[in-house]
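Numbering (the working numbering), first residue to last: 51 to 173.
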């Protein structure tokens, strides 16, 4: 808190200066941007009904429309395409109507992602 001292002459008979202390409020800080906190499950919740790209811990990537999920990020997806890298270096693409995906095997979620644009496993 800022303080300032002002010495003034008063109209008393001895003409002795008196000191007054004035206290001012701290400057107001207005942030130029507002910080918005978004928790991970809130982000996943916003993706319901949208396409999502799921990168698995294994050599699979899955793209589908998110229908729902739980606290463990187990997901129900529809209109699914699975991209899998085979041990021989080839790839396999599988189309599925609907799946229940175990969240324990998920490495990363990409909202709005459309899957790999090149062959799976290519660098």
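Note that beta-carbon positions come from the ideal geometry of N, C-alpha and C, so glycine has one too.
Since the model is a prediction, treat every value here as computed from it, not as a measurement.
By the neighbour-count criterion, in which 16 or more other beta carbons inside 10 Å mark a residue as buried, residue 159 falls on the buried side. In terms of Cβ geometry, residue 125 and residue 119 form a close pair [threshold 7 Å]. Our two residues, residue 115 and residue 101, have alpha carbons roughly 4 Å apart in a direct line.
In this structure, the straight-line span from the alpha carbon of residue 117 to that of residue 87 is close to 24 Å. Beta-bridge analysis with DSSP links residue 131 to 113, 145. Selection 111, 82, 136, 129 evaluated against residue 156 yields 111 as nearest (Cα-Cα). Residue pairing by DSSP places residue 150 opposite 126 in a beta bridge. Leaving aside the five residues that flank residue 94 on each side, the residues in its chain whose CB is nearer than 7 Å to its CB run, in chain order, 119, 123, 159. Contact check for residue 162 against residue 113 fails: the beta carbons are separated by 7 Å or more.
Taking 7 Å as the cut-off, the Cβ atoms of residue 145 and residue 135 do not count as close.
Each of 121, 105, 147, 109 was checked against the Cα of residue 140, and the nearest Cα belongs to 109.
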